[in-house]
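There are 2 protein chains.
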Amino acid sequence: MSMAADQLSVTLTALADPTRRAILARLGRGEATVSELAEPFNLKLPTISKHLKVLQRAGLITQARKAQWRPCRLEPAPLKEVEEWVEGYRRFWEASHERLEELLRELQSEGQSKQEEKK
Amino acid sequence: MSMAADQLSVTLTALADPTRRAILARLGRGEATVSELAEPFNLKLPTISKHLKVLQRAGLITQARKAQWRPCRLEPAPLKEVEEWVEGYRRFWEASHERLEELLRELQSEGQSKQEEKK
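The listed protein sequences derive, respectively, from chains Y and P. For the first sequence, this note's numbering gives the first residue as 1, with consecutive numbering after it. For the second sequence, this note's numbering gives the first residue as 1, with consecutive numbering after it.
(1) Tell me, which residues are paired with arginine 73 of chain P by DSSP?
(2) Between the Cα of alanine 32 of chain P and the Cα atoms of P:Gln56, P:Thr11, P:Thr19 and P:Arg70, which residue gives the shortest distance?
(3) Would you mind working out which of P:Asp6, P:Glu81 and P:Asp17 sits nearest valine 10 of chain Y, comparing C-alpha positions?
(4) Just the chain P side, please: which residues come within less than 7 Å of leucine 52 of chain Y by C-beta, in chain order?
(5) Specify the secondary structure class of alanine 5 of chain Y as computed by DSSP and reduced to three states.
(6) Please name the residues in the stretch 69 to 84 of chain Y whose beta-carbon is closer than 9 Å to at least one beta-carbon of chain P, in chain order.
(7) Say whether the stretch 73 to 92 of chain P touches the stretch 71 to 80 of chain Y, bearing in mind that this needs 3 or more beta-carbon pairs closer than 8 Å, one atom from each stretch.
(8) Nearest CA to the CA of glycine 88 of chain Y: which residue from P:Leu103, P:Arg29 and P:Lys53?
(9) So which residues on chain Y does valine 86 of chain P lean against when the C-beta distance must stay under 9 Å?
(10) May I ask you to list the residues that DSSP assigns as paired with alanine 22 of chain Y?
(11) DSSP puts alanine 32 of chain P in a beta bridge; with which residues?
(12) Note the first and the last residue of the continuous alpha helix (DSSP H) segment covering leucine 43 of chain P.
(13) Using beta carbons (cut-off 7 Å, strictly below), is proline 46 of chain Y in contact with chain P?
(14) Leucine 12 of chain P CB to nearest chain Y CB: under 7 Å?
(15) Evaluate arginine 20 of chain Y with the Cβ neighbour count: other Cβ atoms within 10 Å of its Cβ, from every protein chain shown; 16 or more gives buried, anything less gives exposed.
(16) Assign alanine 14 of chain Y to one of three DSSP states: helix, strand, or coil.
(17) Would you tell me roughly how many angstroms separate the C-alpha atoms of leucine 52 of chain Y and alanine 5 of chain Y, rounded to the nearest one?
(18) Whose Cβ in chain P lies nearer than 7 Å to the Cβ of phenylalanine 9 of chain Y?
(19) Compare the C-beta of serine 96 of chain P against all C-beta atoms of chain Y and say whether one is closer than 7 Å.
(20) Whole angstroms are fine: how far does the CA of valine 54 of chain P sit from the CA of threonine 62 of chain P?
(21) Sorted by chain position, which residues of the same chain lie with C-beta nearer than 8 Å to lysine 114 of chain Y's C-beta, five sequence neighbours on each side aside?
(22) What is the DSSP secondary structure of glycine 88 of chain P, counted as helix, strand or coil?
(23) Leaving out the 5 sequence neighbours to the left and right, which residues in its chain are closer than 8 Å to glutamate 81 of chain Y when beta-carbon positions are compared?
In structure tokens, the structure reads:
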């Protein structure tokens with residue numbers, strides 16, 4: 001396996017930051033300019049620009065090339081790739097949920113037999 | 001928003017590496033010892049140990065405390081959290097898929113009208 005940065009690794013690195021995920025959540029409500037994005041996070045422009053570059057490189061956002069107003073928009077394709085990857089593990093968390101339910105049923109029936117014994 | 005490492009950021013950082021994702025895929029096929037994990041990746045033990053520590057800290061794997069044979073196992077709970085987060089964006093990639101289909105239909109009907117014109 002190559003250790004070079006594959007698309008999924010680049011996407012996950014970009015998403016592994018709460019500010020960048022909050023920027024995506026904001027863009028999920030509609031396009032926004034860089035200064036509109038900087039404001040709610042109380043971030044200086046160089047800081048927000050750095051975060052936006054990471055998101056852009058991952059293909060998670062694009063920035064329109066309109067002259068003055070250059071809004072950023074969410075690009076969902078890399079998120080779909082994350083979803084497809086994580087879906088491959090669904091059976092594991094569903095299985096562990098079933099194990100918990102089974103354990104709970106066992107504990108409940110144990111509790112009941114103890115109650116019966118007392119009678 | 002706190003910049004401290006939240007669980008989701010820790011999980012995504014752990015997943016943002018192809019070797020660590022390959023280790024999870026291997027553990028998805030069943031428990032394995034550290035040396036069993038090191039072998040297929042041609043990694044030295046210190047390197048694999050470092051990767052396993054990152055996965056352990058994220059709660060993605062646990063290591064049994066049996067005396068000699070200490071197998072690692074996959075823990076799916078953090079993966080479920082990733083899935084729940086990314087599901088929030090499903091409507092965006094589904095919408096963009098619909099836009100592509102619409103575009104395709106437009107191109108096809110354009111092609112058809114050009115064919116009609118030629119007749």
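Don't be surprised by glycine CBs; every beta carbon is placed ideally from N, CA and C.
This is what the structure holds:
(1) Taking the first residue of the second sequence as position 1, residue 73 of chain P is located at position 73. The partner list for arginine 73 of chain P (beta bridge, DSSP) reads P:Thr62.
(2) As a first step, residue 32 of chain P is located in the second sequence; it is residue number 32 there, counting from the start. When each option's Cα is compared against that of alanine 32 of chain P, the closest is P:Arg70.
(3) Along the first sequence, one-based indexing puts residue 10 of chain Y at 10. Ranking the options by Cα distance to valine 10 of chain Y, first place goes to P:Asp17.
(4) For the purposes of this step, residue 52 of chain Y is taken as residue 52 along the first sequence, with counting starting at 1. Ordered by position in chain P, no residue passes the 7 Å Cβ test against leucine 52 of chain Y, which lies about 16 Å from the chain.
(5) The residue labelled residue 5 of chain Y in the question sits at position 5 within the first sequence. DSSP places alanine 5 of chain Y in coil when its eight states are reduced to three.
(6) Leu74, Glu75, Pro76, Ala77, Leu79, Lys80, Val82 and Glu83
(7) yes
(8) For the purposes of this step, residue 88 of chain Y is identified with residue 88 of the first sequence, where counting begins at 1. Here the closest residue by C-alpha is P:Arg29.
(9) Residue numbering aside, residue 86 of chain P sits at position 86 when the second sequence is read from its first letter. Going along chain Y in sequence order, the residues near valine 86 of chain P (Cβ under 9 Å) are Leu15, Leu79, Lys80, Val82, Glu83 and Val86.
(10) The residue you call residue 22 of chain Y lines up with position 22 of the first sequence. Answer is none; alanine 22 of chain Y lacks a bridge partner.
(11) Your numbering for residue 32 of chain P matches position 32 in the second sequence. P:Cys72.
(12) Walking along the second sequence from the start, residue 43 of chain P turns up at place 43. Per DSSP, leucine 43 of chain P belongs to no alpha helix (DSSP H) and is neither H nor E.
(13) For the purposes of this step, residue 46 of chain Y is taken as residue 46 along the first sequence, with counting starting at 1. Closer than 7 Å: no.
(14) On the second sequence, residue 12 of chain P is found 12 positions in, with the first residue counted as 1. It does; some Cβ of chain Y falls within 7 Å.
(15) Numbered from its first residue, the first sequence carries residue 20 of chain Y at position 20. Flag for arginine 20 of chain Y reads buried.
(16) Residue mapping note: residue 14 of chain Y aligns to position 14 of the first sequence, counting from 1. Of the three classes helix, strand and coil, the one that applies to alanine 14 of chain Y here is helix, per DSSP.
(17) As a position in the first sequence, residue 52 of chain Y is number 52, starting the count at 1. As a position in the first sequence, residue 5 of chain Y is number 5, starting the count at 1. Distance between the alpha carbons of leucine 52 of chain Y and alanine 5 of chain Y is about 19 Å.
(18) In the first sequence, the residue the question calls residue 9 of chain Y occupies position 9. With the sequence shown as reference, residue 9 of chain Y is identified as serine, and phenylalanine is not the correct amino acid for it. What serine 9 of chain Y touches in chain P: Ala16, Asp17 and Pro18.
(19) As a working note, residue 96 of chain P is residue 96 in the second sequence. Answer yes: the Cβ-Cβ gap between serine 96 of chain P and chain Y drops below 7 Å somewhere.
(20) Taking the second sequence and counting its residues from 1, the one referred to as residue 62 of chain P is at position 62. Taking the second sequence and counting its residues from 1, the one referred to as residue 54 of chain P is at position 54. Each residue's Cα considered, the two are about 11 Å apart.
(21) Here residue 114 of chain Y corresponds to residue number 114 of the first sequence, with the count starting at 1. Closer than 8 Å at Cβ, skipping near neighbours: no residue.
(22) In the second sequence, residue 88 of chain P corresponds to position 88, counting from 1. Of the three classes helix, strand and coil, the one that applies to glycine 88 of chain P here is coil, per DSSP.
(23) As a position in the first sequence, residue 81 of chain Y is number 81, starting the count at 1. Taken in chain order, the residues that qualify are Gln7, Leu8 and Thr11.
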